[in-house]
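Numbering (the numbering used here), first residue to last: 116 to 372.
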């Protein structure tokens with residue numbers, strides 16, 4: 116079953132996640148679909164096809180009157196894999212986020228609903244994050260006996276500073292859309308009714324920019340924080356893997372078996 120729909124919106128590639136039965140959770144199948152779509156996108160860019168940018172979106176899932184954008188990792192699916200498979204799964208998403216940052220085109224995340232755990236980590240890999248009044252960010256990894264695993268800790272520190280990152284990661288504090296804009300996690304917030312208009316305005320502006328200039332500016336913003344990026348991401352991945360299957364984590368996963 117395909118959980119990721121790919122299409123074109125003018126000259127922008129669109130990845131749209133739709134997995135309502137699991138609240139768009141990031142399981143192993145979806146992780147591989149994202150990785151494969153990225154490989155295809157990089158080939159298109161390499162062949163100088165006219166790809167102005169990438170849009171990542173998800174169909175909001177309503178649960179108890181709350182909109183969910185991506186509900187983190189799929190605990191039911193992940194409860195069935197061992198530590199080695201967990202490392203492979205996390206590496207796929209860690210590499211995905213890393214490669215999204217390196218793309219020479221703008222990456223726009225349209226976040227209409229709650230970005231939880233791994234979903235919040237995926238959003239951080241975008242250059243521009245547009246949300247609505249029902250957008251929230253909640254890093255809940257510690258509550259299931261794990262940590263960030265896709266490079267989220269490093270990105271949060273770079274984006275909002277260590278102190279703010281500590282608050283979000285250590286306390287599972289849920290950011291509202293307004294707080295996310297104020298702190299720098301969201302680029303822009305709009306109403307649900309004006310979301311398409313806001314996105315179109317952003318795409319129009321990005322399309323007007325010189326591609327090489329944007330790619331160079333993006334590289335300049337990326338480089339100062341990633342001089343030893345591979346080692347840092349590997350270190351985070353290793354620590355994540357070591358935690359996999361600890362008693363608290365197993366107790367959480369057992370509820371989904």
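The C-beta atom is built at its ideal place from N, Cα and C for all residues, glycine as well.
Below 8 Å CB to CB, which residues in the same chain sit around residue 292 once its five sequence neighbours on both sides are set aside? The sequence position of residue 292 within the chain shown is 177, counting from 1. Contacts found: 246, 247, 248, 249, 250, 251, 301 and 304.
At which residues does the alpha helix (DSSP H) containing residue 293 begin and terminate? The residue given as residue 293 occupies position 178 in the chain shown. It spans 292–298 - the alpha helix (DSSP H) in which residue 293 sits, taken as one unbroken run.
Enumerate, from N- to C-terminal direction, the unbroken alpha helix (DSSP H) stretches of 4 or more residues contained entirely within the segment 161–211. 190–193
Can residue 186 and residue 140 be called in contact, C-beta distance under 9 Å? As a position in the chain shown, residue 186 is number 71, starting the count at 1. As a position in the chain shown, residue 140 is number 25, starting the count at 1. In contact: residue 186 and residue 140 (Cβ atoms closer than 9 Å).
In the DSSP assignment, the alpha helix (DSSP H) including residue 134 goes from what residue to what residue? Counted from its first residue, the chain shown places residue 134 at position 19. In this chain, residue 134 is not harboured by any alpha helix (DSSP H), its DSSP state being neither H nor E.
Tell me, please, which residues DSSP counts as bridged to residue 120. By one-based count along the chain shown, residue 120 stands at place 5. The partner list for residue 120 (beta bridge, DSSP) reads 131.
Beta-ladder partner(s) of residue 229, from DSSP: For the purposes of this step, residue 229 is identified with residue 114 of the chain shown, where counting begins at 1. Answer is 183 and 251, bridged to residue 229.
Would you mind working out which of 269, 262, 345 and 158 sits nearest residue 356, comparing C-alpha positions? Position 241 of the chain shown holds residue 356. When only C-alpha atoms are compared, the closest one is 262.
Can you give the Cα-Cα distance for residue 366 and residue 287, rounded to whole angstroms? Position 251 of the chain shown, counted from the start, is the residue given in the question as residue 366. Position 172 of the chain shown, counted from the start, is the residue given in the question as residue 287. Their backbone Cα atoms lie some 19 Å apart in a straight line.
Three-state secondary structure assigned by DSSP to residue 324: Here the question's residue 324 lines up with position 209 in the chain shown. DSSP places residue 324 in the coil class of the three-state scheme, outside both helix and strand.
Would you mind working out which of 270, 161 and 363 sits nearest residue 348, comparing C-alpha positions? Position 233 of the chain shown, counting from 1, holds the residue named residue 348. Of the candidates 270, 161 and 363, the one whose C-alpha sits nearest the C-alpha of residue 348 is 270.
Looking only at its own chain, which residues have a Cβ that is under 7 Å from the Cβ of residue 120, when we skip the five neighbours before and after it? Counting from 1 along the chain shown, the entry for residue 120 is found at position 5. Apart from the 5 residues on each side of it in sequence, residue 120 sits with its Cβ closer than 7 Å to the Cβ of 131 and 133 in its chain, given in chain order.
Out of 220, 225, 157 and 238, state which residue places its alpha-carbon closest to the alpha-carbon of residue 315. Numbered from its first residue, the chain shown carries residue 315 at position 200. Of the listed residues, the one whose Cα sits closest to residue 315 is 225.
Taking the beta strand (DSSP E) that residue 304 falls in, what are its first and last residues? By one-based count along the chain shown, residue 304 stands at place 189. Annotation for residue 304: the continuous beta strand (DSSP E) segment containing it runs 303–305.
Exposure label - residue 327; buried when at least 16 CB within 10 Å: Start at 1 with the first residue of the chain shown, and residue 327 comes out as number 212. Using a 10 angstroms sphere on the CB of residue 327, the tally of other CB atoms stays under 16, which defines it as exposed.
First and last residue of the alpha helix (DSSP H) that includes residue 369? Translated into the one-based positions of the chain shown, residue 369 becomes position 254. From DSSP, the alpha helix (DSSP H) with residue 369 extends over 362–369.
Please confirm if the segment 188–197 is in contact with the segment 358–372, defined as three or more CB-CB distances below 8 Å between the two stretches. yes
Cβ pair count under 8 Å reaching 3, the segment 203–219 against the segment 272–290: no
Going straight from the alpha carbon of residue 268 to that of residue 337, what length do you get? Here the question's residue 268 lines up with position 153 in the chain shown. Here the question's residue 337 lines up with position 222 in the chain shown. Cα to Cα, residue 268 sits roughly 16 Å from residue 337.
Compute the distance between the beta-carbons of residue 166 and residue 126, then report whether it is under 9 Å. As a first step, residue 166 must be located in the chain shown, where it is residue number 51. As a first step, residue 126 must be located in the chain shown, where it is residue number 11. Cβ atoms of residue 166 and residue 126: closer than 9 Å.
Check residue 260 in the structure and name its three-state DSSP category. Start at 1 with the first residue of the chain shown, and residue 260 comes out as number 145. DSSP places residue 260 in coil when its eight states are reduced to three.
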